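Visitor:
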Amino acid sequence: MLQRSLGFAGESRFCKRGFMSELKDAGVMLRMIYKAIVKTGLDVSLLMSKLGISPEYLQTKQLRTPHDGQALFWQCVEEVSGDEDIGLHLGQNLPEFRGQVLEYLFLSSSSFGEGLRRALNYQRLISDASNAALVVTADESYVVINTASEEIRQLRHFNECFVQGLIAFFKIVTDDAFLPLRIDFVHTEPAHRDEVAQVLGCDVRFDCDENRLYFSRSILDRVSQHAEPELMALHEQLASEQVARLEKMDIVDKVMRIIAELLESGDITLETVAERLQIKARSLRTRLGEADTNFNQLLSDYRYRLAKRLLAGTNESIDEIVYLTGFSEPSTFYRAFKRWSNMTPIEYRKNKQG
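Residue numbers (this note's numbering): 37 to 390.
(1) To the nearest angstrom, how far is it from the Cα of E58 to the Cα of K290?
(2) Which term fits A213, buried or exposed, when burial requires 16 or more other beta carbons within 10 angstroms of its beta carbon?
(3) So, F396 versus T210, is the Cβ gap smaller than 8 Å?
(4) Only counting the same chain, and skipping five residues up and downstream in sequence, which positions put a Cβ closer than 8 Å to that of K374?
(5) Sorted by chain position, which residues of the same chain lie with C-beta nearer than 7 Å to L38's C-beta, five sequence neighbours on each side aside?
(6) Go through its chain and collect everything with a Cβ distance to E272's Cβ below 7 Å, but skip five positions before and after it.
(7) Would you kindly report the start and end of the unbroken alpha helix (DSSP H) that includes P381?
(8) Give the straight-line distance between the Cα atoms of V179 and F363, rounded to the nearest whole angstrom.
(9) Let me know the secondary structure DSSP gives V240 once reduced to three states.
(10) Can you name the start and end residues of the beta strand (DSSP E) that R248 belongs to?
(11) Determine the direct distance from the alpha carbon of Q136 to that of I162, and round the result to whole angstroms.
(12) Using only alpha-carbon positions, find the residue among I357, R345, S367 that is nearest to N387.
(13) Shortest alpha-carbon distance to F194 belongs to which of A107, E283, S145?
(14) Select from P102, K97, R192, I208 the residue whose C-alpha is nearest the C-alpha of L138.
(15) If you draw a straight line from the alpha carbon of K284 to that of L324, how long is it in whole angstroms?
(16) Return the chain-ordered list of same chain residues with a C-beta closer than 6 Å to the C-beta of R371, the five sequence neighbours on each side being excluded.
(17) Quick one: what's V309 bridged to in DSSP?
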């Protein structure tokens, strides 16, 4: 099916890569890496072109990017930079992770350990794929920093960049007292092993079972100079509300994937989608309402984005696009597209293809 290969986002290879995946990363991660890319002087325009996104995309409200898109992202960054250690080097230029509710949770908690345990309850605010956990034994303490995706868990650039951001953040919330003792990586040992250890400031092991960041147990008891029980309760409430909002949006992603699968069949109604989700149509309508949308709006949005992609990026005939976007006849498609864009399909194609 052509529209599945193009993906819902259409305009973006980066988004398309992860369309069929439910796992998303918070937009703040991409924004931080983008700033590091700009700081290092890489060809941003070329990179954005390869990914099929624009700097404006980074400012999308409540942006969450496909976790599976990390593989394509880092592949393109390495190609543009020509640097086989680009993740390690970009990590050195990451901006500080500030102004997020997770930072406030750490600061308002009584200790670093309490803040860490609380933050782990809301790690979805960073990524749906995060499988982080705190482990404390009689001999050692560490944070497991794995992801749910096996492919991304072994992605060297991602691992070496992300762990630097994590270490820098832990230093911020402990007034620079946090020190890594050792880091275990799942990925294979790179050619420049010594440079990795030097940059990260501790012993590093490769080909391990998990990605782990080791540190002294004593840091867990470090008292926060900003501890405030009342503020901590407010920050935890805010984090809970943000996670609840993400959970409400889960149903939107599921509906979009089913729309992609059923569109060409023509049998695309609230009832057929609800049946695929194994819930009642009334329940689906209610849950979409809680996410501030409705089925007709999602279907319309999908058709519009797909139509734009097909018109701008392919030579498919209008009749074929009518079929692929699930319309019964050309006149209905023309009226809908005119309503969406204030242009006819032919005008839009000429405008985009020159």
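The beta-carbon is built from N, C-alpha and C at its ideal position, and this holds for glycine as well.
Model, not experiment: these values are computed from the prediction.
Guide: The short version:
(1) So the alpha carbons of these two residues sit roughly 8 Å apart.
(2) It counts as exposed.
(3) Lying outside 37 to 390, the shown extent of the chain, residue 396 is not represented and no answer is given.
(4) When the five nearest sequence neighbours on each side are left out, the beta carbons in the same chain lying within less than 8 Å of the beta carbon of K374 are those of T380, in order along the chain.
(5) Unreliable positioning characterises L38 in this predicted model, as indicated by a pLDDT of 37, which lies under 50. The coordinate reading is nonetheless provided below. Short of 7 Å from the beta carbon of L38, and not among the five residues preceding or following it, lie these beta carbons of its own chain, in chain order: L360.
(6) Counting only Cβ-Cβ distances below 7 Å, and skipping sequence neighbours, we find L141, R154.
(7) The continuous alpha helix (DSSP H) containing P381 extends over residues 381 to 389.
(8) Going from the Cα of V179 to the Cα of F363 covers about 51 Å.
(9) Correct three-state label for V240: strand.
(10) Per DSSP, R248 is one residue of the beta strand (DSSP E) stretching across 248 to 251.
(11) Between I162 and Q136, the C-alpha separation is close to 10 Å.
(12) It is R345 whose Cα lies nearest to the Cα of N387.
(13) Looking at the Cα atoms, A107 is the closest of the given residues.
(14) Cα-wise, what sits closest to L138 is I208.
(15) Approximately 8 Å, taken between the alpha carbons.
(16) Same-chain partners within the cutoff: there are none.
(17) In the DSSP assignment, V309 is bridged to no other residue.
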